[in-house]
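One rule links them: number in this note's numbering = place in the sequence shown (from 1) + 866.
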Amino acid sequence: MQHVGVLEKSAMPSTIVDITNSVLHQDLFSCLEFLPLNCIDLLIIDPPYNLSKQYGKRSFGKMGNDEYVEWFDSWFSQILKCLKPTASVYVCSDWTTSSLIEPIIGKYLHIRNRITWEREKGRGAKANWKNCSEDIWFCTVSDDYYFDVEAVKLKKKVIAPYRVNGTPKDWDETKKGNFRLTHPSNLWTDISIPFWSMKENTDHPTQKSEKLLAKLILASSKEGDIILDPFMGSGSTCVVAKKLGRNYCGIEREAEYCQLAIKRLLNAELGATIQGIHDGYFWERNTNPVTK
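Have a look at this one:
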C-alpha cells in the first residue's frame, strides 16, 4: 500500500522501505550517503539551472560556469549509486547549462538522446531570440534498460489525408477528425508549462508539466517500479508516478513545497487525470487534452 509521509532532516533513510512512496524533507547533500544502494529504476532530475531564482524561502544564485560544473558533479556522481544496473536517467537543463553538464553526464552514464522541449512561454528580448525551449538528457546505466515506445505514441491531426484506392493510409477517419498515430521524436512540441487555468498549476517557479513527466515515466518504467526525484519541488514527478501505478521518492529542502506535494499526492487518490493524454495516447496541444 502506498503511503505519504515526511522524514525529518534527522531521519536518514538507509533501506528501500524508508524511502518508498515518501517525501523526504531534506537537503540533497545531507542524505546522499544514506540513500539505499541499487534500488531505483528511474531517476528524474530537474536541478536548478544556473540562474538566480527564488525557491520558497531560499534562493539559488547564479555561479560561474566552472563553479556550476563542480556543484553539479558533486551530487550527481553520488546519487547514481542508488540506481539499479538497468535504470534510466533523465536530466533537465536549459541552453546555458546543457553544454556544461553533458560531459559530466557522459562520464558516468550512457547518453542515449537529447530531447528538446518547446515550452512556448518565454521572455522576449530586443537584441536576442526569445528562449522558449529546454533540453532533457536521456541516459542509462548500461545497455540493458527498459523503453516502451508504444506507451508514448502521439496522436496528431492529419493535415493532408492520403488515400490508397479510397482507403486512408496510415491514418484514421473519425467523427472528431482525421488522426495519425506516430512514434515520439526527440523534439517535443505538444506540451506547455502549467498555467493558471490548469488544475496541476502551483506557485513553484519551475514546475514541470504532468504530461511531460508522464512521457518520461511511461517510456522508461514499468508499473511497480521506483522513481526518484532529488529536486522534487511541488511534487509533480511523485504525483504522476502515483497516478501511473509507480512507486516514488521525492527529496525537497523547502517545507512549503513538501507540504504542497503531500496535498497533491492525497488529491491524486481521488483521480488519475493527466491533462493531454486520452485513450492511452498523447495528443497535440489544443486537441483532446484530458483523460482519466
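Cβ coordinates follow ideal geometry from the N, Cα and C atoms, glycine included.
Check, Outcome
"Below 8 angstroms on the Cβ atoms is my contact criterion, and I expect Gly1101 with Gly1116 to pass it. Report the Cβ-Cβ distance as a whole number of Å.", "6 angstroms"
"Under 8 angstroms by Cβ, that's how I've got Phe1045 and Lys1019 pegged, so tell me the actual separation to the nearest angstrom.", "Not a contact, Cβ separation roughly 11 angstroms."
"Cα-Cα, which of Val955, Leu1094, Tyr956 and Asp1010 is closest to Ile885?", "Leu1094"
"Work out the CA separation of Cys958 and Ser965 for me, nearest whole Å.", "12 angstroms"
"Does Phe895 pass the burial test, meaning 16 or more other C-beta atoms within 10 Å, or should it be called exposed?", "exposed"
"Cys1005 by DSSP, collapsed to three states: which one?", "strand"
"Less than 9 angstroms separating the beta-carbons of Asn904 and Lys1108?", "no"
"Three-state secondary structure (DSSP) at Leu949?", "strand"
"Taking buried to mean at least 16 other C-beta atoms within 10 Å of its own C-beta, is Glu1016 buried or exposed?", "exposed"
"Within 10 angstroms of its Cβ, does Trp995 collect 16 or more other Cβ (buried), or is it exposed?", "exposed"
"Quick one: using the 10 Å Cβ neighbour count with 16 as the cut-off for buried, is Asn1052 buried or exposed?", "exposed"
"Closest to Thr1006 by C-alpha separation, out of Ser1086, Ile1128, Cys998 and Met1098, would be which residue?", "Ser1086"
"Nearest-angstrom Cα distance between Thr1103 and Ile1057?", "15 angstroms"
"With a CB to CB cut of under 7 angstroms and the five nearest residues on each side skipped, what residues in its chain are close to Thr881?", "Pro902"
"For the beta strand (DSSP E) that contains Glu1118, what are its first and last residues?", "Asn1113 to Glu1118"
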